[in-house]
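Numbering (the UniProt record's numbering), first residue to last: 1 to 321. Where is the CB? At the ideal position from N, CA and C, for every residue including glycine. This structure is a prediction, so every number in the text was calculated from the model and none was measured.
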């Protein structure tokens, strides 16, 4: 019987549908193609076209345009404050805590947006003069227990207590509350609030350092330095001169005219007398434990700002604005 001869025949691979590109959320997509000899071949996609970076000269010119923007915008206010805060970081750290610097940056940005570079310079002048007064005889003040905490470095509460009224005036100006007729009033209130706070700070710090005799404002009884509601001749004169100095800076920067500068000084002295009355009669009393220095400061600068606006309205006349 003849045997069958088995000859293996080549078997063709089964037909399969063309492969589709595989996609992955976490991988670069590749295209799969079929190679007749080796099967599947991975073909990388073409590299994406690089977006050309702007030239350094173009970036520099754009930045300068933002810095010089007039009238100021929110963007220009942020950029200018950032540049100034970086350059003046050593000075800022000498007078403010880290969180205080953050709040001061917001205050500076708001001031620049509302009143431009001159408004910012008013705030900067207040900070520099006030910090210098706080550092006067700081060791002696610490020995007497009347120095500011952290060797005079102010926190966010102090910054808010110093700038709350100015911030309100800035917002009123930015959003044009009252129209053009009230624009100069908000600017006047802004300057008056910082004249008031600077006068208060300098009178207190110089009085602690050099005041020979300190009197309670309600009874004129001699009391120790640093007593709430106490005043001294040395501190009072220094506070008055500080207010005159800041009002003069506002005048030379064109923020206020001469009569308005005088109003700022007068309003600041009345407000500071009121602040001393509050300190002597209410502060640190059992029913007013909530009335701390920061809240009293807000009341003080608000009085100075409102008084200046009312004086402009009813003494000099609104038509002069």
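How about residue 100 and residue 193: do their beta carbons lie closer than 7 Å? Not a contact, by the Cβ cut-off of 7 Å.
Taking the alpha helix (DSSP H) that residue 398 belongs to, which residues open and close that run? Not covered by the structure: residue 398. The range shown for the chain is 1 to 321.
DSSP three-state assignment for residue 215, whether helix, strand or coil: DSSP places residue 215 in strand when its eight states are reduced to three.
With H, G and I counted as helix, E and B as strand and the rest as coil, what does DSSP make of residue 232? Residue 232 falls in the strand class under three-state DSSP.
Under the three-state reduction of DSSP, which class applies to residue 253: helix, strand or coil? Correct three-state label for residue 253: coil.
Which whole-angstrom value describes the C-beta separation of residue 133 and residue 196, a residue pair presumed to lie in contact below a C-beta threshold of 8 Å? Taking 8 Å as the upper bound for CB-CB distance, residue 133 and residue 196 are not in contact here, some 15 Å apart.
Is residue 113 helix, strand or coil by DSSP? Secondary structure at residue 113: helix, using DSSP grouped into helix, strand and coil.
Say whether chain C places a C-beta atom closer than 7 Å to the C-beta of residue 298. No chain C is present in this structure, which holds just one protein chain.
Any idea what DSSP makes of residue 277, helix, strand or coil? When DSSP states are grouped into helix, strand and coil, residue 277 belongs to the helix group.
Can the beta-carbon of residue 308 be found closer than 7 Å to that of residue 188? Taking 7 Å as the Cβ cut-off, residue 308 and residue 188 qualify as a contacting pair.
Since I believe residue 276 is in contact with residue 229 (beta carbons under 8 Å), could you give me their beta-carbon distance rounded to a whole number of angstroms? Right, the Cβ-Cβ distance comes to about 5 Å (below 8 Å), so this counts as a contact.
In this structure, does DSSP put residue 240 in helix, strand or coil? Here residue 240 sits in helix by DSSP.
How is residue 154 classed by DSSP in three states: helix, strand or coil? If DSSP states are grouped into helix, strand and coil, residue 154 belongs with the strands.
Contacting residues, own chain, Cβ-Cβ under 7 Å from residue 392 (five flanking each side not counted): Any answer about residue 392 is impossible in this case: the structure gives the chain only from 1 up to 321.
Is it buried or exposed for residue 1, if we count other Cβ within 10 angstroms and need 16 for buried? A caution first: residue 1 carries a pLDDT of 46, below 50, which makes its placement in the model too unreliable to give a value.
Express the C-alpha separation of residue 183 and residue 116 in angstroms, rounding to a whole number. Taking the CA atoms as reference points, residue 116 sits about 14 Å from residue 183.
Residues near residue 215 in its chain [Cβ-Cβ closer than 8 Å; skip 5 each side]: Same-chain partners within the cutoff: 221, 222, 223, 230, 231, 232.
Near residue 24, what residues of its chain come up, given a Cβ to Cβ distance below 6 Å and the 5 sequence neighbours on each side ignored? Low local confidence applies: a pLDDT of 49 at residue 24 is under 50, so the model's placement there is unreliable, and no value is given.
Between residue 279 and residue 121, what straight-line distance do the alpha-carbon atoms span, to the nearest angstrom? Roughly 30 Å separates the two Cα atoms.
For residue 152, which option in 96, 124, 291, 126 has the closest C-alpha, if you only look at C-alpha atoms? If you compare the alpha carbons of 96, 124, 291, 126 with that of residue 152, the shortest gap goes to 96.
In angstroms, rounded to a whole number, what distance separates the CA positions of residue 298 and residue 160? If I take the Cα positions, the gap works out to 8 Å.
How many Å lie between residue 76 and residue 146 at the Cα? Pairing residue 76 with residue 146, the inter-Cα distance amounts to about 41 Å.
Taking only three categories from DSSP, how would you classify residue 282? Residue state, collapsed to three classes: coil.
Within 7 Å, strictly: CB atoms of residue 198 and residue 155: The criterion of a C-beta distance shorter than 7 Å is not satisfied by residue 198 and residue 155.
Residue 185 bridges to which residues according to DSSP? Answer is none; residue 185 lacks a bridge partner.
Put residue 82 into one of helix, strand or coil per three-state DSSP. The answer is helix: DSSP assigns residue 82 an H, G or I state.
For residue 293, the nearest candidate out of 245, 176, 200, 71 (CA to CA): Nearest C-alpha to residue 293: 200.
Closest to residue 264 by CA distance: which of 273, 244, 142, 281 is it? Ranking the options by Cα distance to residue 264, first place goes to 244.
Close-in-space but distant-in-sequence residues of the same chain around residue 206 (CB under 8 Å, 5 per side omitted): Excluding positions up to five away in sequence, the list reads 133, 136, 234, 235, 238, 239.
Assuming residue 108 contacts residue 123 (C-beta within less than 8 Å), just tell me the rounded distance between them. Confirmed, about 6 Å.
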